[in-house]
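Residue numbers (my numbering): 1118 to 1212.
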């Protein structure tokens, strides 16, 4: 459900332009069935159709994705909701 919301948000806010907008998405772990919506959207060209050049990145350390978003090193990250709430309550500047 979270991944569907992420894709919907990406596609709804996308604007068509001559140059695709580069977006980096860091996964929470190695590619697995939880990431199917992102992988299928990339493989079927849905992102490109909406003017996005999406780079899907696997983390070397699963604790890094939210920290890298907060530091501006990646645009978005997949994260589990309970962990997200804990990280925000600990002061990590995430939405």
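Backbone N, C-alpha and C fix where the C-beta goes; we use that ideal spot for every residue, glycine too.
Just so it is clear, the structure is predicted and the values come from calculations on it, not from any experiment.
Original post:
Beta-carbon separation of residue 1212 and residue 1142 under 8 Å?
Top reply: Position 95 of the chain shown, counted from the start, is the residue given in the question as residue 1212. Position 25 of the chain shown, counted from the start, is the residue given in the question as residue 1142. The answer is no: Cβ separation not under 8 Å.
**OP:** Could you tell me how far apart the beta carbons of residue 1183 and residue 1196 are, in whole angstroms, since I believe they sit closer than 8 Å?
**Re:** On the chain shown, residue 1183 is found 66 positions in, with the first residue counted as 1. On the chain shown, residue 1196 is found 79 positions in, with the first residue counted as 1. With a Cβ gap of about 5 Å, residue 1183 and residue 1196 count as contacting.
Subject >> Integer Cβ distance of residue 1137 from residue 1165, believed to fall under 8 Å >> reply: The count along the chain shown starts at 1 and reaches residue 1137 at position 20. The count along the chain shown starts at 1 and reaches residue 1165 at position 48. Their Cβ separation, rounded to whole angstroms, is 6 Å, which keeps residue 1137 and residue 1165 in contact under 8 Å.
Subject >> residue 1199 versus residue 1207: straight-line alpha-carbon distance, rounded >> reply: By 1-based counting over the chain shown, the position of residue 1199 is 82. By 1-based counting over the chain shown, the position of residue 1207 is 90. If you take the alpha carbons of residue 1199 and residue 1207, they lie about 12 Å apart.
Subject >> Extent of the continuous alpha helix (DSSP H) to which residue 1206 belongs >> reply: Mapped onto the chain shown, residue 1206 falls at position 89. Run containing residue 1206: 1198-1206, per the alpha helix (DSSP H) assignment.
Subject >> Close-in-space but distant-in-sequence residues of the same chain around residue 1160 (CB under 7 Å, 5 per side omitted) >> reply: As a position in the chain shown, residue 1160 is number 43, starting the count at 1. So no residue of the chain qualifies.
Subject >> Spatially closest choice to residue 1189 from 1163, 1210, 1172 and 1153, by CA coordinates >> reply: On the chain shown, residue 1189 is found 72 positions in, with the first residue counted as 1. Comparing Cα-Cα distances from residue 1189 to each of 1163, 1210, 1172 and 1153, the minimum goes to 1210.
Original post:
Nearest to residue 1152 by alpha carbon, out of 1140, 1174, 1162 and 1205?
Top reply: Here residue 1152 corresponds to residue number 35 of the chain shown, with the count starting at 1. Nearest option by C-alpha distance: 1174.
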